[in-house]
Amino acid sequence: MLASELAESVGIDATALSKIENGRRAVKSVELGRIAKALRVSPLALLEPESLPGKMPLAARMSGATVAMGSAYERLVSFTELHEVLAEHGIHSSSKLASVPSVVGAGWFEAAEALATWARGKLPLDGVDGDDRFAVLADHIQDELGIDVLVEPFPGDPLTGAAITDPAFPLLFVNAEHPLPRSLFTLAHELGHVLAGHDGTSVTLDRELSGSTNEERTANAFAANFLMPEETVRAAVKGHGRTETALIDLAYHLGVSFETLIFRLHNLGLIDATGRDSLRSVNWRQLVLHMPDPAVRGDLGPIAAARFVSRSVTPPPTIRPAILVARATTGFRKGIVGAHALAKLVGRDSGDLVGRFGDDPDLVRARQLIEADYRPQHEEAREERFSGLPY
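This is the structure:
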């Protein structure tokens with residue numbers, strides 16, 4: 002945007018805008034809001050460039066111009082703003098990342114392996130049904146690691162997933178517009194970003210999960226290793242061969258797509274690049290649609306086969322960032338956060354929230370204290386009435 006266009010959108014002339022940029026003229030609050038709106042950034046990004054809202058525009062530019070135009074990006078920016086307000090009033094996040102192994106100086110592959118091994122011990126998915134792995138993993142991440150997880154649908158949005166790796170406010174985002182198997186890999190991928198950079202302060206916005214940088218390779222390798230452990234995949238192939246039945250059974254129980262599983266086979270050297278590309282050319286969707294056929298579904302029963310078919314078109318469940326919601330609720334009770342901000346966070350009507358918190362114990366106690374009878378029961382000395390600090 003040209004300076005003249007920005008000045009026009011703000012409602013000031015170009016000379017006034019130039020003076021603001023050079024520090025020769027103070028900016029009014031209404032002008033600050035208009036400038037931020039015109040640039041599609043948070044006002045905090047202009048006032049405090051090193052804050053989380055201040056880092057969001059750079060992350061968006063690195064991911065592509067269209068990212069900042071989407072609703073998902075705006076939602077994430079609003080979360081960083083809410084975090085800053087809450088933190089400023091002493092209501093902090095509670096991440097539990099101190100035990101994450103340091104991978105500083107390690108190669109991307111070694112880093113991914115070390116982090117996946119640690120995560121499997123901390124966030125066990127053994128025995129979890131493939132359909133439930135997404136929800137269980139999201140719960141584990143919030144409960145065991147104190148990392149906020151946001152899963153909401155944003156149709157047509159360029160953003161697939163995102164990760165805020167700042168230890169003061171770690172957060173994972175998954176666009177629920179995509180099917181469950183893809184969303185599971187996205188969730189694990191974004192977790193890899195946080196674990197690999199948990200001592201940093203960056204923001205990663207992913208339009209797609211291509212391994213074009215070492216950071217993306219680390220996240221992809223972590224997700225593959227974590228969701229599809231080497232010993233599990235090798236044991237299945239050794240026991241049944243690389244057959245249709247073996248692949249169906251693995252994809253079903255691990256909750257991943259055939260495409261993801263094929264890449265894992267190549268990762269582990271069980272097939273070569275030619276085999277990977279040949280298997281990718283198979284119409285797996287057609288195969289899934291024929292799962293009810295006993296000749297196709299292998300060892301899966303008809304009910305399991307039907308669930309497998311529906312999984313490819315079923316989105317993940319909506320999940321709210323539990324830690325941020327708890328912090329915002331505390332802020333609401335203390336009068337720091339308004340009902341509208343909390344309602345927008347949890348997807349509720351602000352009127353419902355006011356009624357819901359009407360019987361909050363803190364508010365009940367406050368009303369009791371206010372309404373109590375404080376009429377003097379005995380004569381008080383003037384010195385007693387003027388004691389204490391009146392501020």
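Note that this note's numbering has the sequence shown beginning at 2, numbered continuously upward.
Don't be surprised by glycine CBs; every beta carbon is placed ideally from N, CA and C.
Relative to F110, the option among V78, L173 and A224 whose CA is nearest is A224.
Residue range D149 to E153 is occupied by the beta strand (DSSP E) that includes D149.
DSSP places N215 within a helical segment (H, G or I) once states are collapsed to three. Sequence-distant Cβ neighbours of S96 in its own chain, meaning closer than 7 Å and more than five residues away, are L146, G147, I148, P168 and P171. The beta carbon of I324 lies closer than 7 Å to those of S94, S95, Q143, G147 and D149 in the same chain, with the five residues before and after it left out. Between the alpha carbons of P125 and T118 lies a gap of roughly 10 Å. For the options S313, L206, S19 and N23, the alpha carbon positioned closest to that of H179 is the one of S313.
Annotation for V204: the continuous beta strand (DSSP E) segment containing it runs V204 to D207. By the beta-carbon neighbour count (other beta carbons within 10 angstroms, threshold 16), G339 is exposed.
DSSP, reduced to helix, strand and coil, places V326 within a helical segment of the structure shown.
Residue burial is scored here from C-beta neighbours: I304 has fewer than 16 other C-beta atoms within 10 angstroms and is therefore classed as exposed.
Comparing alpha-carbon positions, the option among P182, R25, A344 and D374 lying closest to H254 turns out to be P182. Distance between V175 and D374, taken at the CA atoms: about 54 Å. Shortest Cα-Cα distance from G12 to any of N23, K29 and E216 involves K29.
If you check the CB distance, R383 and G348 do not come in under 9 Å.
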